[in-house]
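What follows is a short report on a single structure.
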Amino acid sequence: MSSRIQMAKEYYSAFARGDRRFMEEHLADYFTFSAPPDPHLDRAGYFERCWPGAGKGGVLEFIRLIESGDEVVITYEAKKPSGSKGVNTEILTFDSDKLRRAEVYFGWSTD
328 MSSRIQMAKE YYSAFARGDR RFMEEHLADY FTFSAPPDPH LDRAGYFERC WPGAGKGGVL
388 EFIRLIESGD EVVITYEAKK PSGSKGVNTE ILTFDSDKLR RAEVYFGWST D
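Under the numbering used here, the first residue of the sequence shown carries the number 328, and numbering increases by one thereafter.
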């Protein structure tokens, strides 16, 4: 397994357990996050809008992990504690050992 794919998995694990310290240390200062409801958030915006969802449990099953240059493309099925499930694809872009950008493309419900 590539080191970037392993790093990507570590980000998802940190989010799942609500490990903000890990994220603070591993997001680039100029990190950006984009998803349909939250396009072009900066680092502070990410922590304000997205971080409240961290640490709420659930399980991710990785379906696709593709490394291409500085990017990792990930498709996963998320299983929430409520039992609902859905599939998303994300593109993570790295700058050395820091996450520089996250692009989220929402998929579909698999309930």
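Here a beta-carbon is modelled for each residue, glycine too, at the ideal position from N, C-alpha and C.
- Fully contained in the stretch 346–418 are the following alpha helix (DSSP H) runs of length 4 or more, in chain order: 347–353 and 370–376.
- With fewer than 16 other Cβ atoms inside 10 Å of its own Cβ, I393 counts as exposed.
- S436 carries a strand assignment under DSSP once its states are collapsed to helix, strand and coil.
- Straight-line spacing of the CA atoms in K406 and G413 works out to 7 Å.
- For S330, the enclosing alpha helix (DSSP H) has its first and last residue at S330 to R344.
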